[in-house]
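Peer 1: With the first letter of the sequence shown counted as 1, position 39 gets the number 38 in numbering that gives the first Met the number 0; the numbers rise by one all the way through. Quick one: the structure is below, and I'll ask about it shortly.
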Amino acid sequence: MGTPKIVVKRIYEAPDPADGVRVLVDRLWPRGVSKARAQLDEWFKDLAPSPELRSWWDHDASSMDEFSDRYEQELGDPDHAQALKQLIDVVHGSQRVTLLYGAKDPAVNHAVVLQDYLRRHS
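If you want it as structure tokens, here you go:
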């Protein structure tokens with residue numbers, strides 16, 4: 000099967016068959032998106048940043064490096080081990096996985112950090 004491709008995409012963009020397995024990685028359901036329109040295969044809300052971390056960061060681009068470090072520490076916490084294993088299993092069983100997020104900035108969001116983390120740990 001080869002190495003699966005892990006991509007990120009805003010949940011507000013139209014679903015595409017090329018997305019492969021569509022996985023929402025936000026803790027909260029995105030506003031204005033119906034479950035039918037989302038066309039999700041999985042929702043890993045427990046792998047989103049903690050509410051405390053999200054509040055601290057507030058999508059501030061200047062804090063992206065520190066946020067990334069803190070978020071990766073959270074991902075390494077034993078509380079996340081089961082959900083992380085499940086997501087890694089999804090990645091291994093798929094040609095392509097699309098991590099969906101609701102943030103406005105395609106470069107300043109937690110999904111890009113999770114994407115990098117998954118590439119290094121799966």
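We put the CB at the ideal spot given by N, CA and C, even for glycine. Predicted model only: the values in this text are computed from it and were never measured.
(1) Are the beta-carbon atoms of Leu98 and Val7 separated by less than 8 Å?
(2) Which stretch, first to last residue, makes up the beta strand (DSSP E) that contains Ile5?
(3) Can you find at least 3 beta carbon pairs, one from the segment 56-68 and one from the segment 34-47, that sit closer than 8 Å?
(4) Considering Cα atoms alone, identify which of Ile10, Pro3, Lys4 and Ile5 is closest to Ala102.
(5) Going by beta-carbon coordinates alone, are Pro16 and Gln94 separated by less than 8 Å?
(6) Quick check on the DSSP output: the beta strand (DSSP E) that includes Leu99 runs from which residue to which?
(7) Please classify Trp56: does DSSP put it in a helix, a strand, or coil?
(8) Please report the distance separating the alpha-carbon of Met63 from that of Val107.
(9) Please classify Arg21 as buried or exposed, where buried requires at least 16 other C-beta atoms within 10 Å of its C-beta.
(10) Quick one: grab the DSSP three-state call for Arg69.
Peer 2: The answer reads as follows:
(1) Here residue 98 refers to the residue found at position 99 when the sequence shown is read from its first residue. Here residue 7 refers to the residue found at position 8 when the sequence shown is read from its first residue. Yes, the pair counts as a contact, with Cβ atoms nearer than the cut-off.
(2) Indexing the sequence shown from 1 puts residue 5 at position 6. From DSSP, the beta strand (DSSP E) with Ile5 extends over Lys4 to Arg9.
(3) no
(4) Taking the first residue of the sequence shown as position 1, residue 102 is located at position 103. Nearest of Ile10, Pro3, Lys4 and Ile5 to Ala102, Cα basis: Ile10.
(5) Reading the sequence shown from its first residue, position 17 is the one you call residue 16. Reading the sequence shown from its first residue, position 95 is the one you call residue 94. No.
(6) Start at 1 with the first residue of the sequence shown, and residue 99 comes out as number 100. Where Leu99 is concerned, the enclosing beta strand (DSSP E) stretches over Arg95 to Tyr100.
(7) Position 57 of the sequence shown, counted from the start, is the residue given in the question as residue 56. Trp56 falls in the helix class under three-state DSSP.
(8) In the sequence shown, residue 63 corresponds to position 64, counting from 1. In the sequence shown, residue 107 corresponds to position 108, counting from 1. Whole-angstrom Cα-Cα distance: 7 Å.
(9) Here residue 21 refers to the residue found at position 22 when the sequence shown is read from its first residue. Buried, because 16 or more other Cβ atoms sit within 10 Å of the Cβ of Arg21.
(10) Looking up residue 69 in the sequence shown gives position 70. In this structure, Arg69 counts as helix in the three-state DSSP scheme.
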